[in-house]
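There are 2 protein chains.
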Amino acid sequence: MKASAPGITLKTVAAKAGLGRSTVGLILNGRGDELGIPAETQAKVHKVAANLGYRPNSLALGLAGKKTQTIGLILPSGPFYPQNLMPQDISLRLHRRGYQTYLVDSLQDPDVMLESLKEMATRRVDGICFHMKLPIPPKVREALNQFPATVLISNIPIPRTDFRAHVIYLDMVPAIDDIVDHFVQTGRRRPMIVTSVNDAMTNLEKIGPFRDALRRQGLDASEEGTIFGVNAGIPRDSDYYTVFRDAFEAQRLEDRDFDALFCTCDEAAVAAIRYLTEKGRRVPDDVAVVGLNNTPMIQGYKPSIASISWNHVEAFDLIEARMVERLKKPDAVPGYDEAPLKFIRRESAG
Amino acid sequence: MKASAPGITLKTVAAKAGLGRSTVGLILNGRGDELGIPAETQAKVHKVAANLGYRPNSLALGLAGKKTQTIGLILPSGPFYPQNLMPQDISLRLHRRGYQTYLVDSLQDPDVMLESLKEMATRRVDGICFHMKLPIPPKVREALNQFPATVLISNIPIPRTDFRAHVIYLDMVPAIDDIVDHFVQTGRRRPMIVTSVNDAMTNLEKIGPFRDALRRQGLDASEEGTIFGVNAGIPRDSDYYTVFRDAFEAQRLEDRDFDALFCTCDEAAVAAIRYLTEKGRRVPDDVAVVGLNNTPMIQGYKPSIASISWNHVEAFDLIEARMVERLKKPDAVPGYDEAPLKFIRRESAG
DNA sequence: GTGAAAGCGCTAACAG
DNA sequence: CTGTTAGCGCTTTCAC
Chain A
11 MKASAPGITL
21 KTVAAKAGLG
31 RSTVGLILNG
41 RGDELGIPAE
51 TQAKVHKVAA
61 NLGYRPNSLA
71 LGLAGKKTQT
81 IGLILPSGPF
91 YPQNLMPQDI
101 SLRLHRRGYQ
111 TYLVDSLQDP
121 DVMLESLKEM
131 ATRRVDGICF
141 HMKLPIPPKV
151 REALNQFPAT
161 VLISNIPIPR
171 TDFRAHVIYL
181 DMVPAIDDIV
191 DHFVQTGRRR
201 PMIVTSVNDA
211 MTNLEKIGPF
221 RDALRRQGLD
231 ASEEGTIFGV
241 NAGIPRDSDY
251 YTVFRDAFEA
261 QRLEDRDFDA
271 LFCTCDEAAV
281 AAIRYLTEKG
291 RRVPDDVAVV
301 GLNNTPMIQG
311 YKPSIASISW
321 NHVEAFDLIE
331 ARMVERLKKP
341 DAVPGYDEAP
351 LKFIRRESAG
Chain B
11 MKASAPGITL
21 KTVAAKAGLG
31 RSTVGLILNG
41 RGDELGIPAE
51 TQAKVHKVAA
61 NLGYRPNSLA
71 LGLAGKKTQT
81 IGLILPSGPF
91 YPQNLMPQDI
101 SLRLHRRGYQ
111 TYLVDSLQDP
121 DVMLESLKEM
131 ATRRVDGICF
141 HMKLPIPPKV
151 REALNQFPAT
161 VLISNIPIPR
171 TDFRAHVIYL
181 DMVPAIDDIV
191 DHFVQTGRRR
201 PMIVTSVNDA
211 MTNLEKIGPF
221 RDALRRQGLD
231 ASEEGTIFGV
241 NAGIPRDSDY
251 YTVFRDAFEA
261 QRLEDRDFDA
271 LFCTCDEAAV
281 AAIRYLTEKG
291 RRVPDDVAVV
301 GLNNTPMIQG
311 YKPSIASISW
321 NHVEAFDLIE
331 ARMVERLKKP
341 DAVPGYDEAP
351 LKFIRRESAG
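Chains as they are written, first to last, in the numbering used here: chain A, 11 to 360; chain B, 11 to 360.
So this is what it looks like as structure tokens:
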């Protein structure tokens with residue numbers, strides 16, 4: 011008994027059942043009753059098909075104009091929780107809905123996105139799930155619009171003009187405001203943001219709101235005073251902890267003037283706390299530290315680490331639901347959801 | 011200028027160029043010179059195609075018997091570093107090699123695997139990258155064998171009999187031996203393994219070698235004495251830290267008799283250290299603790315946490331290389347690689 | 001040098 | 001009730 015499909019076509023089944031291929035096709039597609047085909051014949055066909063392990067060739071189905079039951083997942087890579095759960099999680103959810111998923115790394119590069127979208131079009135995917143952290147170039151938006159169903163996850167607000175996608179906005183601004191408010195209320199006067207310079211493009215959505223918040227509070231919001239740009243490459247093995255720790259040493263974090271630190275990932279926060287402690291600065295007494303992503307393990311630190319949390323389960327639920335909606339009614343007016351992130355206060359923030 | 015493919019077919023290009031479709035097809039496939047088609051004609055066709063943004067329909071290509079340039083990634087989901095890097099990483103590597111990838115969560119369930127493999131066959135993938143932590147059921151092996159190229163990543167040794175896949179074995183045994191040796195050499199006498207009971211299936215590859223090592227050292231290797239089974243479900247948001255911490259409280263870890271702990275994930279190690287410390291047990295003085303996965307952040311703990319490390323960059327390199335090899339020469343005799351994990355000693359282990 | 005024809009596996013009219 | 005036909009977009013073989 012050969013494993014399955016390759017070789018076994020409708021023709022094979024038809025021959026074995028002594029019927030025409032289209033008859034068999036119709037029966038296998040459940041349209042037998044509708045056409046008044048005898049139950050016996052149908053049962054026989056089903057049995058033969060099952061015995062042979064028949065499975066329709068997906069490529070042929072797609073070519074013949076049916077849906078491909080395929081969705082493209084175009085996501086930026088990233089080793090950070092909870093974003094690193096996204097490919098498998100969304101993939102699994104859609105799989106349960108009867109879809110297969112292509113996984114593509116957008117690399118946050120518009121050219122790659124454009125190329126990937128073309129490739130997905132070529133493969134006739136039924137929908138696209140697209141995660142974008144930066145403003146969407148017009149060409150990319152245009153390319154997205156060609157798909158029957160698309161769900162867009164964005165870390166920045168999206169102008170809805172002329173956009174066929176359902177948008178889910180992961181809003182970080184309120185959380186950052188809360189952090190700065192907290193800093194001020196607990197007597198901090200010189201907050202600083204720690205961020206990777208090479209990653210600066212993707213961190214604009216954090217730096218901007220942070221400095222806005224400082225300004226609003228009447229604190230120094232100058233670039234020199236508030237940004238600690240970590241000058242290091244993206245580690246090949248995604249060991250951001252080491253990258254940050256090394257950078258703190260190389261760039262002498264301790265020489266800067268600050269009493270509060272907002273780190274753009276929890277790995278940086280862990281590294282900062284350890285480094286500062288070694289240099290004799292107490293956390294949170296001398297320096298308040300807040301991370302980002304709310305990686306579960308940071309709860310176990312001493313001190314436990316404050317962070318920004320993305321309610322990812324809720325967001326994933328939303329993505330799944332919206333995708334299914336769009337798939338069902340591609341012509342419905344696309345909607346807009348907001349999924350605000352939250353500041354989680356813990357010991358390190360004082 | 012419409013975005014791309016849908017609508018633009020070979021026919022369109024042929025019409026615009028004033029030629030037959032097959033001629034155009036041949037030219038676009040670079041067989042123009044070979045057939046003695048005038049350079050001018052060829053240039054013109056290429057230009058027309060480019061202007062129209064022509065892209066061959068992948069489904070049609072596949073149907074017509076060409077390779078699909080598609081690979082199925084059948085992986086167990088998992089929130090743990092570095093396994094959580096795998097989907098995106100492998101996907102990106104293969105993408106750079108000109109392939110698109112289907113991502114499928116095997117859920118470590120043979121039925122799901124079988125079903126997924128059939129689905130992949132139906133889609134005529136060129137190859138399969140399969141990660142398996144447990145013994146491979148015969149049916150799954152058989153199903154795997156139907157693909158022209160498959161690379162199998164396994165956490166347990168694989169009998170090579172009659173197997174068309176290239177195998178990459180992630181060997182954890184030496185690392186576990188090293189841990190137990192270390193425990194003994196530093197005077198520990200009652201080591202215990204902490205593992206999720208619901209996950210027990212996937213943890214056999216750790217429990218077995220651990221008890222074997224204890225036995226070899228002449229220590230108690232009884233099930234009751236050496237296994238602390240965490241009785242909790244898999245958290246929906248993958249927050250294993252909380253699951254373990256709560257379980258330690260509920261099951262009163264402190265009542266067990268042990269002086270060394272091998273935790274089957276770093277999250278458990280973090281939780282254990284914090285919990286034990288709160289109960290007045292010092293780490294490593296009273297209890298040695300070792301985690302698993304070498305999550306970067308654990309370096310920043312106080313004490314820094316010992317762990318088992320998988321050289322994942324090397325492993326990913328291997329996966330990519332082997333997959334490309336198999337894709338090129340499906341008929342070559344499949345090979346076998348070993349990628350042993352390593353014990354990384356840090357403060358928590360004493 | 002270029003076009004016509006068959007076939008990949010399936011669906012969807014349309015006949016019988 | 002069942003078989004025939006055309007067509008999806010492409011490759012490939014074979015005539016003109």
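Backbone N, C-alpha and C define an ideal beta-carbon position, used for all residues, glycine too.
With H, G and I counted as helix, E and B as strand and the rest as coil, what does DSSP make of residue 18(B)?
coil
Helix, strand or coil: how does DSSP classify residue 348(B) here?
strand
Which residues, in order along the stretch 297-316 of chain B, keep a beta-carbon less than 8 Å from a beta-carbon of chain A?
305, 306, 307, 308, 309, 310, 311 and 312
Under three-state DSSP, which class holds residue 115(B)?
Residue state, collapsed to three classes: strand.
Taking any Cβ of chain A, which residues in the stretch 229-250 of chain B have a Cβ under 8 Å from it, in chain order?
246, 247, 248, 249 and 250
Cutting at 8 Å between CB atoms, please list the residues of its own chain near residue 314(A), excluding the five before and the five after it.
308, 356, 357 and 358
Measuring straight from C-alpha to C-alpha, what distance separates residue 109(A) and residue 287(B)?
47 Å
Which residues does DSSP pair with residue 139(A) in a beta bridge?
83(A) and 161(A)
CB contact flag (residue 172(A), residue 337(A), <8 Å)
One thing to note: residue 172(A) has its Cβ no nearer than 8 Å to the Cβ of residue 337(A).
Applying a beta-carbon distance threshold of less than 9 Å, which residues of chain A neighbour residue 87(B)?
Residues of chain A whose Cβ lies closer than 9 Å to the Cβ of residue 87(B) are, in chain order, 95, 98, 99, 101 and 102.
Quick one: give me the first and last residue of the beta strand (DSSP E) that residue 196(B) is part of.
Taken as a continuous stretch (DSSP letters only), residue 196(B) belongs to no beta strand (DSSP E), as it is neither H nor E.
Might you give, ordered along the chain, the residues of its own chain that have their beta carbon closer than 8 Å to the beta carbon of residue 36(B), omitting 5 neighbours on each side?
Same-chain partners within the cutoff: 42, 45 and 47.
Can you pull the chain A residues whose beta carbon is under 7 Å from the beta carbon of residue 73(B), in chain order?
69, 70 and 73
Within 8 Å (strictly less), CB to CB, does residue 111(B) reach chain A?
yes
Quick one: using the 10 Å Cβ neighbour count with 16 as the cut-off for buried, is residue 196(A) buried or exposed?
When all chains shown are included, residue 196(A) counts as exposed.
Chain A residues whose Cβ lies nearer than 7 Å to that of residue 281(B)
310
Using three-state DSSP, classify residue 178(B) as helix, strand or coil.
strand
Does any C-beta atom of chain A lie closer than 8 Å to the C-beta of residue 322(B)?
yes
Residue 7(B) burial status per 10 Å Cβ neighbour count (16 or more: buried)
Residue 7(B) falls outside the range modelled here, since chain B spans only 11 to 360, and no answer is possible.
Rank 271(B), 304(B) and 305(B) by C-alpha distance to the C-alpha of residue 293(B) and give the top, closest one.
271(B)
Output the distance between the C-alpha atoms of residue 234(A) and residue 266(A), rounded to the nearest integer angstrom.
10 Å
Are the C-beta of residue 349(B) and some C-beta of chain A separated by less than 8 Å?
no
Answer yes or no: does any C-beta atom of chain B fall closer than 8 Å to that of residue 342(A)?
no
What does residue 76(A) reach in chain B if we use C-beta pairs closer than 7 Å?
Correct list: empty, because the minimum Cβ distance to chain B is about 10 Å.
With respect to the alpha helix (DSSP H) encompassing residue 248(B), which residues constitute its N-terminal and C-terminal limits?
Element bounds for residue 248(B): n/a, residue is neither H nor E.
Check whether chain B comes within 8 Å of residue 192(A), counting only Cβ atoms and requiring the distance to be less than that.
no
By the criterion of Cβ-Cβ separation under 8 Å, what are the contact partners of residue 21(A) in chain B?
The contacting residues do not exist; residue 21(A) stays about 14 Å from chain B at best.
Comparing C-alpha positions only, which one of 256(A), 143(A), 274(A) and 305(A) sits nearest to residue 280(B)?
Nearest of 256(A), 143(A), 274(A) and 305(A) to residue 280(B), Cα basis: 305(A).
Going along the chain, which unbroken runs of the beta strand (DSSP E) with 3 or more residues stay wholly within the stretch 297-336 of chain A?
If we require 3 residues or more, the beta strand (DSSP E) runs fully inside the stretch 297-336 of chain A come out as 298-300 and 317-319.
So with CB distances below 7 Å, who are the chain A contacts of residue 129(B)?
110
Taking Cβ-Cβ distances shorter than 9 Å, what residues in chain B pair up with residue 204(A)?
For a Cβ distance threshold of 9 Å, nothing in chain B lies close to residue 204(A): the least Cβ distance comes to about 14 Å.
Is the stretch 140-150 of chain B close to the stretch 123-132 of chain B, with three or more CB pairs under 8 Å?
Touching, per the Cβ criterion.
Consult DSSP for residue 13(A) and reduce its assignment to one of helix, strand or coil.
Bear in mind that the predicted position of residue 13(A) carries a pLDDT of just 32, short of 50, making it unreliable; the figure below should be weighed with that in mind. Assigned with DSSP and collapsed to three states, residue 13(A) falls in coil, not helix or strand.
Are there 16 or more other CB atoms within 10 angstroms of the CB of residue 115(B), so buried, or fewer, so exposed?
buried
Inter-residue Cα distance where the pair is residue 350(A) and residue 96(B)
29 Å
Residue 227(A), DSSP secondary structure in three states:
coil
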